[in-house]
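Residues 1 to 186 (full-length UniProt numbering) are what the sequence shown spells out, left to right.
Before any comments, here is the structure.
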Amino acid sequence: MHHFGKHGQSRLENTHIMILGAGALGSHCAEILTRMGAGSLTIIDMDVVETSNLHRQAIFDEMDAEQLQPKVIALENKLKLINSNVKITALYQELTNNNIENLLKTYQPDIVIDGMDNFTMRFLINEACHKCQIPWIYGAAVGSKGSVYAIDYTGPCFKCLLETVPQNRRELCNQWCIATSYLSGC
């Protein structure tokens with residue numbers, strides 16, 4: 001953080017970040033960015049908190065799961081308690097090829113963070129962000145491995161890296177996804 005400095009903090013305070021997905025990766029990114037003082041977050045997800053999520057989605061609790069609370073609503077409530085200065089917009093809706101560009105144009109984020117759990121959605125994010133000229137960050141964690149790739153719309157895109165959606169690779173989050181809070185602490 002020493003190198004981040006006042007200028008970096010000021011930039012973060014004036015940045016609007018859209019997080020697509022409020023599961024393990026998305027919720028952890030939202031929590032860290034809130035603690036760091038991001039200006040505003042727009043978080044999109046259509047899933048609810050379940051007991052099977054609690055071992056890897058550390059911000060949620062048993063009460064959220066018992067109430068089958070939408071992840072974005074539970075996350076918004078907890079983030080406001082962490083840092084009330086961060087503007088949080090929680091959108092409990094599905095992200096589709098029919099609405100992603102409209103969401104990007106409506107909310108106009110400075111950057112998008114991928115918190116999704118499948119490659120089909122990542123290709124959709126890539127196409128929409130490239131078309132809307134918004135940089136985005138690909139992120140994934142499965143088992144004990146994780147990867148991050150920052151994608152600027154002016155250079156090579158995700159499709160340049162991976163031409164087609166991988167087949168024969170089932171992503172079994174309940175069995176293989178890791179606790180992102182553990183990974184980020186490494």
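Note that beta-carbon positions come from the ideal geometry of N, C-alpha and C, so glycine has one too.
- One Cα belongs to C129, the other to S52, and the distance between them is close to 32 Å.
- For N118, the closest alpha carbon among the candidates L20, F4 and H7 is that of L20.
- Here the alpha carbon of D47 sits roughly 25 Å from the alpha carbon of I134.
- Considered as a whole, the stretch 61-96 harbours 87-92 as its complete beta strand (DSSP E) runs of no fewer than 3 residues, in chain order.
- Per DSSP, the unbroken alpha helix (DSSP H) holding S27 starts and ends at A24 to M36.
- By the C-beta density criterion, A150 is exposed, having fewer than 16 other C-beta atoms within 10 angstroms.
- Looking at the DSSP output, S147 sits in a beta bridge with A140.
- Counting the other Cβ atoms within 10 Å of the Cβ of I32 gives fewer than 16, which makes it exposed.
- With a 10 Å radius around the Cβ and a threshold of 16 neighbouring Cβ atoms, I82 comes out exposed.
- Proximity to Q69 across V49, M121, I88 and N14 peaks at V49, based on C-alpha coordinates.
- Nearest to A74 by C-alpha distance, out of N97, G23 and Q9, is G23.
- Beta-bridge analysis with DSSP links T42 to M18 and T89.
- Within the same chain, H16 and K87 come within 6 Å of S40 by CB-CB distance, once the 5 residues on both sides are set aside.
- Around the C-beta of T106, fewer than 16 other C-beta atoms lie within 10 Å, and the residue is accordingly described as exposed.
- In the three-state reduction of the DSSP assignment, I100 falls in the helix class.
- The Cβ neighbour count for E62, taken over all protein chains shown within 10 Å, is under 16; the residue is labelled exposed.
- Rounded to the nearest whole angstrom, the C-alpha separation of K71 and D45 is 7 Å.
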